[in-house]
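Residue numbers (the working numbering), protein chains in the order written: chain B, 1 to 149; chain H, 1 to 162.
We put the beta carbon where it would ideally sit given N, CA and C, even for glycine.
Remarks on the structure that follows.
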């Protein structure tokens with residue numbers, strides 16, 4: 001398996017495939033209602049809706065960066081105001097961002113992975129590995145929130 | 001993904017584990033072990049699960065398939081930290097000796113049910129980091145739930161601090 005194929009495999013498994021670490025993100029979200037997504041069953045923690053929008057935001061950013069677009073971190077709304085975002089829209093955003101990220105990774109060669117993200121010192125590998133860890137981390141939190149609903 | 005990438009991932013994993021352990025230090029033994037009704041019940045049990053999984057997979061990469069934990073019972077934070085540090089040290093030695101070609105070599109093992117599985121080493125190495133990250137996210141949420149100070153373990157923060 002080429003390095004880009006392995007990364008793509010990991011991204012796909014973490015999102016909607018057979019993840020080894022626990023349920024894949026998309027599987028965790030299946031059956032979650034609008035009301036459940038907006039609930040705050042754990043004091044001090046984000047809602048599932050906030051986490052899904054947050055994951056989608058960064059998947060979108062990294063997908064564009066990997067494709068060569070400069071996206072300054074300071075321009076990104078890290079935790080968006082979700083009061084006007086429906087659960088259905090949040091899922092749609094996440095799926096589009098994941099698809100665009102996977103497409104961007106699939107276009108990379110092995111050598112590309114070691115090239116820096118434009119405007120940073122981080123390699124494309126590190127950027128992709130980072131956003132994968134980011135999604136997995138918050139998936140663990142979504143699993144907890146579901147148990148607490 | 002090459003050996004250097006794997007080394008980066010594990011340097012991140014060690015850094016993140018240390019940050020989470022440090023965040024747990026102010027907890028009393030009671031709060032550390034308090035059941036908050038989640039996957040593994042308590043911060044202690046979730047951290048112990050991370051340590052156990054990291055130990056188990058390292059055993060498998062050395063062609064051993066233990067069916068039960070040979071670790072001392074993790075009765076407190078220092079015990080769990082000791083296991084994490086020991087696994088971290090031995091895993092660093094293992095990773096130091098790797099080559100890119102070996103990442104593609106399939107390694108067989110028996111899981112705790114006695115079932116035989118076989119995967120490329122690179123795949124398993126990535127999996128273990130994902131597993132620890134997944135449960136670290138849960139520990140951080142539990143810390144917030146308990147009113148304790150949570151910490152960030154984001155990969156990009158690691159790069160900023162490295």
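query: Please identify the residue among H:139, H:47, H:137, H:111 whose C-alpha is closest to the C-alpha of residue 75 of chain H.; result: H:47
query: Indicate the three-state DSSP secondary structure (helix, strand or coil) for residue 25 of chain H in the structure shown.; result: coil
query: Given that a residue counts as buried once 16 or more other Cβ atoms are within 10 Å of its Cβ, and exposed if not, what is residue 116 of chain B?; result: exposed
query: Enumerate in chain order the residues of its own chain whose CB-to-CB distance from residue 3 of chain B is below 8 Å, with the five nearest sequence positions on each side excluded.; result: 110, 113, 125
query: Check whether the stretch 95–109 of chain B touches the stretch 123–140 of chain H, counting contact only when three or more Cβ pairs, one atom from each stretch, lie closer than 8 Å.; result: no
query: Could you name each continuous beta strand (DSSP E) segment of 3 residues or more that falls completely within the stretch 84–113 of chain B, going from the start of the chain to the end?; result: none
query: Where residue 132 of chain H and residue 17 of chain H are concerned, what is the direct C-alpha to C-alpha distance, given to the nearest angstrom?; result: 8 Å
query: What does DSSP give as the partner residue(s) for residue 108 of chain H in the beta ladder?; result: H:118
query: If the cut-off is 7 Å on Cβ atoms, which residues from the stretch 116–141 of chain B count as contacting chain H, listed in chain order?; result: 122, 125, 126, 129, 130, 133, 134, 136, 137, 138, 139, 140, 141
query: Who are residue 116 of chain B's beta bridge partners in DSSP?; result: B:123
query: Drop a sphere of 10 angstroms on the beta-carbon of residue 5 of chain H, count the other beta-carbons inside from all chains shown, and report buried for 16 or more, exposed for fewer.; result: buried
query: Less than 8 Å between the CB atoms is what I'm expecting for residue 131 of chain B and residue 58 of chain B, so what's the real figure, rounded?; result: 6 Å
query: Determine whether the Cβ of residue 42 of chain B lies closer than 8 Å to any Cβ atom of chain D.; result: Within the model displayed, chain D is absent; protein chains B and H are what it includes.
query: With a Cβ-Cβ cutoff of 8 Å, do residue 135 of chain H and residue 50 of chain H count as a contact?; result: yes
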